[in-house]
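Per the working numbering, residue -19 is the first one in the sequence shown, and the count goes up by one each step. Glycine included, C-beta positions come from ideal geometry on N, C-alpha and C. Model, not experiment: these values are computed from the prediction.
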Amino acid sequence: MRLVETDSETLQWFPTHMRWNSDGEREEWAELCAAALLSAHEKRPKRRRIKAVRQQLDAFAQVLSKLTPADQAFLFIPTPDQTPVPAFILMAECEGDRQTTLRSMVQADAESLVRPVEVDPFATERLGEGLRSTRYWSTPEGQLMATVRYGWRLEQINTDLCFYMVWDDPGKMAVFTDTVDDFVRSLWVNVTD
């Protein structure tokens, strides 16, 4: 089994399941995350604040698996009053030419409304050399969206890995670019039998 983990100590990123064993498991996760998030921002969070944030996280976690197929997810929550932004992780066995596969994973050649897809090398200490892209696109309703994607080939474990986030507010994505890059640098793959 392969699991992407982080050693980031910021209380802005919360690992979550794509599928839950029970409603109780999901609700317990939401309660723990709400308490941790609020404790990081407020001296003594009130019970009703914890309940409100818990309900928001629980509702978000209920629909997460319907948003996109993924192996894992994290929720990025910069402050308790902001809507979570999911970060998805996809893993597959290595296939095809390395550079071609990486470009495909980061959608390097996809259409982009505002400007061409920005693609740059992106290296981390644990995942090695990869690519990072930023792409702007539009929903059928005309809303401008932004996607940031990272891709690596981890030949030592025969895995192609993609980490991506979809933002409905490109301005907010720009504000948090360094925060996201720092988090991605904290990721590593734990392989267990």
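Between Arg(-18) and the rest of its own chain, which residues show a CB-CB distance below 7 Å, the 5 nearest in sequence each way excluded? Correct list, in chain order: Met71, Ile137, Thr139, Val169 and Val171.
What's the gap between the Cα of Leu(-9) and the Cα of Ala16? About 7 Å.
Are the CB atoms of Val86 and Ser113 nearer to each other than 7 Å? A contact, by the Cβ cut-off of 7 Å.
Assign Ala103 to one of two classes, buried (16 or more other C-beta atoms within 10 Å of its C-beta) or exposed (fewer than that). Label assigned to Ala103: exposed.
Can you list, in chain order, the residues of its chain with a C-beta nearer than 7 Å to that of Cys13? Leave out the 5 residues immediately preceding and following it. So the list reads Phe(-6) and Leu37, once near-sequence residues are dropped.
Buried or exposed: where does Val43 fall if 16 or more other Cβ atoms within 10 Å of its Cβ makes it buried? Exposed, by the Cβ-count rule.
So within the segment 16 to 76, which uninterrupted beta strand (DSSP E) runs reach at least 3 residues, ignoring any that extend past its ends? You should have 52 to 56 and 65 to 73.
Taking three-plus beta-carbon pairs below 8 Å as touching, is the segment 120 to 130 in contact with the segment 146 to 166? Contact between the segment 120 to 130 and the segment 146 to 166 is present, with at least three C-beta pairs closer than 8 Å.
Cβ neighbour criterion (16 or more within 10 Å) applied to Pro64: Buried, by the Cβ-count rule.
Which one of Tyr144, Arg83, Arg78 and Glu(-15) has the shortest CA to CA distance from Pro66? The residue with the shortest Cα to Cα distance from Pro66 is Tyr144.
Just how far apart, CA to CA, sit Thr81 and Pro25? Distance between the alpha carbons of Thr81 and Pro25 is about 46 Å.
Option nearest Leu107 by Cα separation, candidates Ile57, Glu73, Tyr130 and Ser19: Checked all of Ile57, Glu73, Tyr130 and Ser19; the closest Cα to Leu107 is Tyr130.
Return the first residue and the last residue of the alpha helix (DSSP H) that Gly108 is part of. Not the alpha helix (DSSP H): Gly108 falls in the beta strand (DSSP E), residues Gly108 to Ser118.
Judging by CA-CA distance, which residue of Asp3, Trp0, Arg34 and Ile57 is the nearest neighbour of Val160? Closest option to Val160, Cα to Cα, is Ile57.
Alpha carbon to alpha carbon, what distance is there between Cys74 and Ala241? Outside the shown range of the chain, which is -19 to 173, sits residue 241, and nothing can be said about it.
Roughly how many angstroms separate the alpha carbons of Ala189 and Glu109, rounded to a whole number? In the structure displayed, the chain extends from -19 to 173; residue 189 sits before or after that span and is not available.
What distance in whole Å lies between the Cβ atoms of Arg115 and Ala90, which are believed to be in contact at a cut-off of 8 Å? That pair is a contact at about 6 Å.
To the nearest angstrom, report how far apart Asp77 and Asp51 are at their CA atoms. Between Asp77 and Asp51, the C-alpha separation is close to 23 Å.
Measure the CB-CB distance between Phe68 and Ala53 and report whether it falls below 7 Å. For the 7 Å CB-CB criterion, Phe68 and Ala53 form a contact.
Go through its chain and collect everything with a Cβ distance to Asp100's Cβ below 8 Å, but skip five positions before and after it. Around Asp100: Leu111, Arg112 and Ser113.
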